[in-house]
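Q: Note that the sequence shown covers residues 5 to 230 in my numbering. Take a look at this one; I'll ask things after.
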Amino acid sequence: APNVEPKIKLLICKAGVFEDLAQILEGNWASFTGEVVCTLVDGLLKDNKEGLEHVLTSKMINGLKKVLSIDHSKIKRVHIAALARVVICGNDEQRDELYKMNVLPSLVSQFAHPDKHVVDDAVVAMNNLVLIANLKTAMNDLDGANVVGKYEKLKWFGAPDLMDIQYTHILLAAAKYCDPTRSLFKLALDLMRKEAPNVEPKIKLLICKAGVFEDLAQILEGNWAV
Numbered sequence: 005a006p007n008v009e010p011k012i013k014l015l016i017c018k019a020g021v022f023e024d025l026a027q028i029l030e031g032n033w034a035s036f037t038g039e040v041v042c043t044l045v046d047g048l049l050k051d052n053k054e055g056l057e058h059v060l061t062s063k064m065i066n067g068l069k070k071v072l073s074i075d076h077s078k079i080k081r082v083h084i085a086a087l088a089r090v091v092i093c094g095n096d097e098q099r100d101e102l103y104k105m106n107v108l109p110s111l112v113s114q115f116a117h118p119d120k121h122v123v124d125d126a127v128v129a130m131n132n133l134v135l136i137a138n139l140k141t142a143m144n145d146l147d148g149a150n151v152v153g154k155y156e157k158l159k160w161f162g163a164p165d166l167m168d169i170q171y172t173h174i175l176l177a178a179a180k181y182c183d184p185t186r187s188l189f190k191l192a193l194d195l196m197r198k199e200a201p202n203v204e205p206k207i208k209l210l211i212c213k214a215g216v217f218e219d220l221a222q223i224l225e226g227n228w229a230v
């Protein structure tokens, strides 16, 4: 598929290939068949944005979501690449449709994957998805406690090599929109109390941009002597 001309790929898409692939994928999410189907979806959509409308069926998207529901040890980059390609290639209306199909949790589930490439693809796809979705609604759908908990699980501030600036930006947005006082304030306190000296300047800057000072000023109001 990667070497096929876009106009040929589009013809293949129009011929109903995704309906066939969705049927083949059914029940085979954790097998080599799932890997092959994901490879084909990714390849057919590369340089072929017009073909995307033909993959946006609930059966195909649900299949790609189920592929990402298997154990992390069985998920390779090719598995996330298919859904990521669908999200990234979409226009605003198509991304909105994907958001309504609830693909966001499937992307977030890969944030703790041991392969950084899988995490990167999930982050890029999520970033594209929340650009069109209402950010506050999107982040609330993720459950603020769960999102903020990713910090502790991955030990972002204790392991600079794991830091991804885009991922950090998304998590900060999640913390702010889900619970601006408690979560973001806790994050700021943790940094000031013990972690701040070890945090990279670019991460500190993101925290500042996320509005931490507005929140701190609000908390300080009336509590100057305590």
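Cβ coordinates follow ideal geometry from the N, Cα and C atoms, glycine included.
I need the straight-line Cα distance from F36 to H83, nearest angstrom please.
A: Here the question's residue 36 lines up with position 32 in the sequence shown. Here the question's residue 83 lines up with position 79 in the sequence shown. Approximately 11 Å between the Cα atoms of the pair.
Q: Given this structure, state the Cα-to-Cα distance separating P184 from A129, to the nearest angstrom.
A: Residue numbering aside, residue 184 sits at position 180 when the sequence shown is read from its first letter. Residue numbering aside, residue 129 sits at position 125 when the sequence shown is read from its first letter. Model confidence at P184 stands at a pLDDT of 44, short of 50, so the residue's coordinates are unreliable; what they give is reported in the following sentence. Roughly 25 Å separates the two Cα atoms.
Q: So for I65, helix, strand or coil by DSSP?
A: In the sequence shown, counting from the first residue as 1, residue 65 sits at position 61. Helix, per DSSP.
Q: Could you check how far apart the C-beta atoms of G55 and L48 are, in whole angstroms? I think they sit under 8 Å.
A: Here residue 55 refers to the residue found at position 51 of the sequence shown. Here residue 48 refers to the residue found at position 44 of the sequence shown. Yes, G55 and L48 are in contact; Cβ-Cβ is about 6 Å, under 8 Å.
Q: Taking the Cβ atom as the reference point for each residue, do L29 and K70 lie within a distance shorter than 9 Å?
A: For the purposes of this step, residue 29 is identified with residue 25 of the sequence shown, where counting begins at 1. For the purposes of this step, residue 70 is identified with residue 66 of the sequence shown, where counting begins at 1. Yes, these two residues count as a Cβ contact at 9 Å.
Q: Please state whether the Cβ-Cβ distance between L2 and Q27 is less than 9 Å.
A: The structure shown has nothing for residue 2, since the chain only spans 5 to 230.
Q: If you reduce the DSSP assignment to three classes, tell me which class S110 lands in.
A: Here residue 110 refers to the residue found at position 106 of the sequence shown. Helix, per DSSP.
Q: Quick check on DSSP: helix, strand or coil for N132?
A: Locating residue 132 in the sequence shown gives position 128, counting from the first residue. Three-state result, N132: helix.
Q: Starting from the C-beta of E101, find all residues in its chain whose C-beta is less than 7 Å away, skip the five residues before and the five after it, and write them out in chain order.
A: For the purposes of this step, residue 101 is taken as residue 97 along the sequence shown, with counting starting at 1. Excluding positions up to five away in sequence, the list reads L60.
Q: Exposed or buried, what is I12 when buried is set at 16 or more other beta-carbons lying within 10 Å of its beta-carbon?
A: Sequence index remark: in the sequence shown, residue 12 carries index 8 (1-based). By the 10 Å Cβ count, I12 comes out exposed.
Q: Is A88 buried or exposed, if buried means 16 or more other CB atoms sit within 10 Å of its CB?
A: The residue you call residue 88 lines up with position 84 of the sequence shown. Classification for A88: buried.
Q: Could you pull the start and end residues of the alpha helix (DSSP H) that K11 belongs to?
A: Indexing the sequence shown from 1 puts residue 11 at position 7. That run of the alpha helix (DSSP H) goes 10 to 18.
Q: Determine the burial state of S110: buried for a count of at least 16 other Cβ atoms within 10 Å of its Cβ, exposed for fewer.
A: Your numbering for residue 110 matches position 106 in the sequence shown. Flag for S110 reads buried.
Q: On a CA-only basis, which of A86, A34, D46 is nearest I74? Give me that one, please.
A: In the sequence shown, counting from the first residue as 1, residue 74 sits at position 70. Answer by Cα proximity: A34.
Q: Alpha carbon to alpha carbon, how far is V40 from M105?
A: Within the sequence shown, residue 40 is the residue found at index 36, counting from 1. Within the sequence shown, residue 105 is the residue found at index 101, counting from 1. The alpha-carbon atoms of V40 and M105 are separated by roughly 23 Å.
Q: Quick one: what does DSSP say F217 is sitting in, helix, strand or coil?
A: Your numbering for residue 217 matches position 213 in the sequence shown. The answer is helix: DSSP assigns F217 an H, G or I state.
Q: Can you list, in chain order, the residues of its chain whose CB lies under 7 Å from that of I16, leaving out five sequence neighbours each side?
A: Mapped onto the sequence shown, residue 16 falls at position 12. Within the same chain, I16 has close Cβ partners L48.
Q: Report, in whole angstroms, the separation of the C-beta atoms of F115 and V107, which I expect to be a contact under 8 Å.
A: Counted from its first residue, the sequence shown places residue 115 at position 111. Counted from its first residue, the sequence shown places residue 107 at position 103. Actually they are not in contact, since the Cβ atoms of F115 and V107 sit about 14 Å apart, beyond 8 Å.
Q: Assign I84 to one of three DSSP states: helix, strand, or coil.
A: Numbered from 1 along the sequence shown, position 80 holds the residue referred to as residue 84. Reduced to three states, the DSSP call for I84 is helix.
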